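What follows is one structure encoded as structure tokens, with my remarks underneath.
In UniProt numbering, the protein residues as written are 1 to 251.
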């Protein structure tokens, strides 16, 4: 079985047995996929507790990365090969599906491309080694401007793919003839973005790349998170937040 859900932000309580009873019939050969903002954030005891809690679940947890991840930590995990693509093993059954990869999971060909632009940084990015950092932060706080982030503490440039990651994704899709079963990303293609948020979400290099993929690639369904809604858009696009759906039974 494959289940899929949206952003967790480090809060995995939706996978409690009373909320997600389907897990009673699941094993480690069954999967729950999280569409970004999984919540790799720090090395605290709380973080370790919840990752261990997920590891003890009967299913295997898979996730693509979002814009709210600590990439200094995430990218420090060794790269391993799993089911045809590159991954980071956070725990033996908590697995990060890396960008631009193709996986064979439960008999389905799945393309993954994490990352997204943060849309909560309108007050800027502060550099912690700036000699005026404390003054700038205090001024923003005093003015009630809380839509700022701190580089390498609450924001990472790696939230968007590198040129090498785009090239890997292109090569991967070429290798499979631009035909997959499912696509898992964090953000949407640009044309789908236009249908969300009444214009507050702006296209960028990644949503434009996704637009190229949706125009060229044959796929059954595309799943993404990021926008904190649960919506089925058109026939093929599924935006998820807290809802957990089974594939393909609930589509």
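Every residue, glycine too, gets a C-beta built ideally from N, C-alpha and C. Since the model is a prediction, treat every value here as computed from it, not as a measurement.
The continuous alpha helix (DSSP H) containing residue 216 extends over residues 205 to 216. Cβ neighbours of residue 42 within its own chain (closer than 7 Å, five residues either side excluded): 70.
In this structure, 154 is the residue among 181, 215, 154 and 243 with its C-alpha nearest to the C-alpha of residue 72.
For the pair of segments examined, the region 88 to 107 was found to touch the region 37 to 53: the number of CB pairs separated by less than 8 Å reaches three. One thing to note: residue 225 has its Cβ within 8 Å of the Cβ of residue 186. Residue 97: member of the beta strand (DSSP E) spanning 94 to 97, first to last residue. Within 10 angstroms of the beta-carbon of residue 147 lie fewer than 16 other beta-carbons, which makes it exposed. Cβ contact annotation for residue 214 (same chain, cutoff 6 Å, sequence separation greater than five): 189, in chain order. When C-alpha distances from residue 90 are compared across 99, 47 and 109, the shortest belongs to 47.
Residue 123 places its beta carbon less than 8 Å from that of residue 140.
Across the structure, residue 29 and residue 109 are spaced so that their CA atoms are roughly 16 Å apart. With respect to the C-alpha of residue 152, the residue from 58, 8 and 67 having the closest C-alpha is 67.
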